[in-house]
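The opening position of the sequence shown corresponds to residue 0 in numbering that gives the first Met the number 0, with each subsequent residue numbered one higher. Using N, Cα and C, we set each Cβ at its ideal position, and we do this for glycine too. On a predicted model such as this, the values are computed, not experimentally measured, just so you know. Heads up: the structure comes next, in structure tokens.
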Amino acid sequence: MREKVVLTDVGPRDGLQNQGKILNLGERIELVLAIADAGISQIEIGSFVSPRAVPAMADTGELVHELIKLESFRTPMVALIPNFKGYNLARNAGLTHVAMVLYASDAMARKNVGMSMIEAEAVTTLILSEAQNDGIQVTCTIAVAFECPFDGKTEPKITEAIVDKFMDLGADNIVLADTIGAANPKQVKFLTKNLAGKLDINRIGCHFHDTRALGLSNVYAALESGIRRFDSSIAGLGGCPFAPGASGNVATEDVAMLCEQLGFSTGLDFAKLLFASEKAAGLTESGAEGRATAWLKQNYEKVGT
Ligand code: COA
Ligand code: ZN
Numbered sequence: 000m001r002e003k004v005v006l007t008d009v010g011p012r013d014g015l016q017n018q019g020k021i022l023n024l025g026e027r028i029e030l031v032l033a034i035a036d037a038g039i040s041q042i043e044i045g046s047f048v049s050p051r052a053v054p055a056m057a058d059t060g061e062l063v064h065e066l067i068k069l070e071s072f073r074t075p076m077v078a079l080i081p082n083f084k085g086y087n088l089a090r091n092a093g094l095t096h097v098a099m100v101l102y103a104s105d106a107m108a109r110k111n112v113g114m115s116m117i118e119a120e121a122v123t124t125l126i127l128s129e130a131q132n133d134g135i136q137v138t139c140t141i142a143v144a145f146e147c148p149f150d151g152k153t154e155p156k157i158t159e160a161i162v163d164k165f166m167d168l169g170a171d172n173i174v175l176a177d178t179i180g181a182a183n184p185k186q187v188k189f190l191t192k193n194l195a196g197k198l199d200i201n202r203i204g205c206h207f208h209d210t211r212a213l214g215l216s217n218v219y220a221a222l223e224s225g226i227r228r229f230d231s232s233i234a235g236l237g238g239c240p241f242a243p244g245a246s247g248n249v250a251t252e253d254v255a256m257l258c259e260q261l262g263f264s265t266g267l268d269f270a271k272l273l274f275a276s277e278k279a280a281g282l283t284e285s286g287a288e289g290r291a292t293a294w295l296k297q298n299y300e301k302v303g304t
């Protein structure tokens with residue numbers, strides 16, 4: 000049996016939060032369903048953040064409500080939260096998995112949520128203990144785990160200390176996020192090898208942006224260390240409005256291509272993934288696409304209408 004790689008498509012969150020065009024609820028649902036239909040392991044459907052800070056993520060509660068009602072939709076969902084209010088909103092909407100953001104630099108924490116790193120850690124600790132009572136899964140995503148747009152390179156020991164602390168506190172998973180796409184494969188290998196040597200690597204994931212065209216090389220470096228969980232975004236949409244210079248995430252179709260070519264199983268159907276990618280580009284009017292798109296177009300029939 001082929002070894003499984005778990006991909007979480009973060010396009011409906013990381014992708015849409017940074018687009019010029021704001022999608023309505025119906026369009027957001029259409030995008031989520033197209034990605035789900037391709038067989039993705041998990042979808043980050045949106046975030047519970049201030050609609051003033053990120054207008055594109057308003058109405059995520061209604062989105063969850065509509066998705067839960069659909070009998071045909073059974074893909075595990077997660078939503079990003081920035082604080083305790085976000086946790087409550089996600090829980091009340093009926094979600095059973097949240098991704099809370101931690102920071103490897105103070106400047107990024109302040110810019111993103113107006114908290115210090117330590118304040119964000121304190122809130123996350125509280126959320127973890129609530130979530131254990133509520134039966135809610137918590138992924139802790141460490142922003143700027145490799146480099147911060149304001150403070151420069153992140154010392155690996157800073158990220159490692161956060162990972163250690165939150166593994167001990169019972170985070171279900173921890174994601175190392177290269178928020179601005181500044182990491183290189185050597186850095187990724189160093190950090191992930193260290194972590195693999197001392198903790199359950201199945202609980203660690205990576206989140207790469209392709210700003211400097213190193214996204215896929217970084218995925219490969221992490222795979223080599225034993226990482227089997229990745230965030231990726233349909234058509235490579237993505238970026239953080241609060242982190243200057245962040246461009247799109249690694250495209251789901253490209254990461255799937257890399258993993259499948261290396262003999263891993265992602266559970267994805269490439270024809271349906273191509274359809275979802277074209278839908279993402281069409282709905283956002285962004286013309287975004289993965290680097291594998293041209294090849295996929297030549298080799299897979301379009302599905303759906
Ligand atoms: N969801 C929705 N609304 C929220 C919220 C949440 N998770 N947290 C706070 N709010 C609301 C407050 O209720 C308040 O509303 P009001 O003005 O109507 O009373 C308003 O947002 C401001 O709250 P305040 O606590 O003063 O925070 P702030 O203005 O410093 O903003 C955040 C802090 C965290 C709410 C805001 O910066 C944010 O949503 N950031 C998200 C950034 C993001 O998504 N980044 C990309 C992904 S990592
Ligand atoms: Zn991101």
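- In this structure, DSSP gives Thr265 a state outside helix and strand, which the three-state scheme calls coil.
- Taken through DSSP and simplified to helix, strand or coil, Gly204 comes out as strand.
- Taking 3 residues as the shortest admissible run, the stretch 105-181 contains the following complete beta strand (DSSP E) segments, listed from N- to C-terminal end: 136-142, 172-177.
- Relative to ligand 1, the beta carbon of Ser49 is positioned inside 6 Å of a heavy atom.
- Residues Val63, Met76, Ala78 of the same chain have their beta carbon placed closer than 7 Å to that of Leu94, with the five preceding and five following residues left out of the count.
- The alpha-carbon separation between Ala195 and Ala160 amounts to approximately 14 Å.
- Within a 10 Å sphere around the beta-carbon of Pro148 sit 16 or more other beta-carbons, which makes this residue buried.
- CA-to-CA, the gap between Ile44 and Asn193 works out to about 31 Å.
- If only complete runs of 4 or more residues are kept, the stretch 27-105 shows the alpha helix (DSSP H) at 59-68, 83-92, in order along the chain.
- In this chain, the alpha helix (DSSP H) harbouring Thr251 covers 251-260.
- By the 16-neighbour rule on beta-carbons within 10 angstroms, Gly247 is buried.
- Judged by DSSP in its simplified three-state form, Phe189 adopts helix.
- Every residue whose Cβ sits closer than 6 Å to any heavy atom of ligand 2 is listed here in chain order: Asp13, Ala176, Thr178, His206, His208, Gly237, Cys239, Asn248.
- The alpha-carbon of Gly10 is positioned some 31 Å away from that of Lys197.
- Close CB contacts of Thr74 within its chain, under the 6 Å cut and outside five residues either way in sequence, are with Ala35, Ile42 (chain order).
- Separation of Gly180 and Gly289 (C-alpha to C-alpha, rounded to the nearest whole angstrom) is 16 Å.
- Straight-line spacing of the CA atoms in Leu168 and Glu146 works out to 25 Å.
- The alpha-carbon separation between Tyr86 and Ala57 amounts to approximately 15 Å.
- Excluding residues up to 5 positions away in sequence, Pro155 lie with their Cβ nearer than 7 Å to the Cβ of Phe189 in the same chain.
- No Cβ-Cβ contact shorter than 7 Å links Lys278 with Ala37.
- Across the structure, Met114 and Asp230 are spaced so that their CA atoms are roughly 25 Å apart.
- Where Val218 is concerned, the enclosing alpha helix (DSSP H) starts and stops at 214-224.
- In the three-state reduction of the DSSP assignment, Asn248 falls in the strand class.
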